[in-house]
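See structure below.
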Amino acid sequence: MKPICLLTGLLSAAVWAPAEVIWRGDFETGTTEQWRGAPRGEHIKLVQAPVRAGKFALRIEGSNAARRGDLDRIEFQHQPTGNGTAEGTERFFGWSVFLPNKFTNSLHSVGYFETRNSWTRLMAFDVHGEDILFTTMCLMPSVGTARGS
99 MKPICLLTGL
109 LSAAVWAPAE
119 VIWRGDFETG
129 TTEQWRGAPR
139 GEHIKLVQAP
149 VRAGKFALRI
159 EGSNAARRGD
169 LDRIEFQHQP
179 TGNGTAEGTE
189 RFFGWSVFLP
199 NKFTNSLHSV
209 GYFETRNSWT
219 RLMAFDVHGE
229 DILFTTMCLM
239 PSVGTARGS
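If you're matching positions, the sequence shown starts at 99 in our numbering and goes up one per residue.
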């Protein structure tokens with residue numbers, strides 16, 4: 099009877115623990131300080147409503163006035179230090195966006211994750227009218243280019 103009790107005790111001890119939060123890119127500081135090279139200007143505002151969680155959210159008014167050089171984009175970057183996202187490292191990301199109005203029928207990229215140095219998109223969230231498209235890519239090691247999957 100004792101071996102069964104010991105086995106039961108070991109199995110109940112092997113419970114998944116919540117993961118440690120390594121970095122949080124919310125706006126609860128009331129600033130954009132967590133984000134490297136965060137854009138500034140009238141088109142970027144911290145608001146208290148609508149908010150998904152917490153007290154603050156970021157409101158972005160995208161327009162041609164928000165151009166960055168030749169690029170029509172507003173960009174927030176987070177680049178983990180060290181081997182934070184190296185091959186074989188396991189990381190989980192959470193991300194949300196609220197789109198209050200239907201976009202035009204053109205393709206709009208509203209968020210993406212890309213590799214450092216090659217700047218190849220690995221995951222992207224695109225909006226076309228009312229449709230949201232999630233795309234993943236994989237790098238081909240022999241040529242270093244991306245192919246959709």
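Even for Gly, the Cβ is constructed at its ideal location relative to N, Cα and C.
Asked: Assigned secondary structure, residue 207 (DSSP; H/G/I helix, E/B strand, else coil); Found: strand
Asked: Per-residue burial, residue 228 [other beta carbons within 10 Å of its own, 16 or more giving buried]; Found: exposed
Asked: Residue 195 to residue 155 span [Cα, whole Å]; Found: 10 Å
Asked: Closer than 9 Å to chain C by CB, residue 232; Found: The chain inventory of the structure shown lacks chain C, comprising one protein chain alone.
Asked: Pick from 204, 213 and 236 that is closest to residue 184, judged by C-alpha positions; Found: 213
Asked: Sheet register partners of residue 155 (DSSP bridge); Found: 145
Asked: Residue 124 - partner residues in DSSP beta bridges; Found: According to DSSP, which records beta bridges pairwise, residue 124 is partnered with nothing at all.
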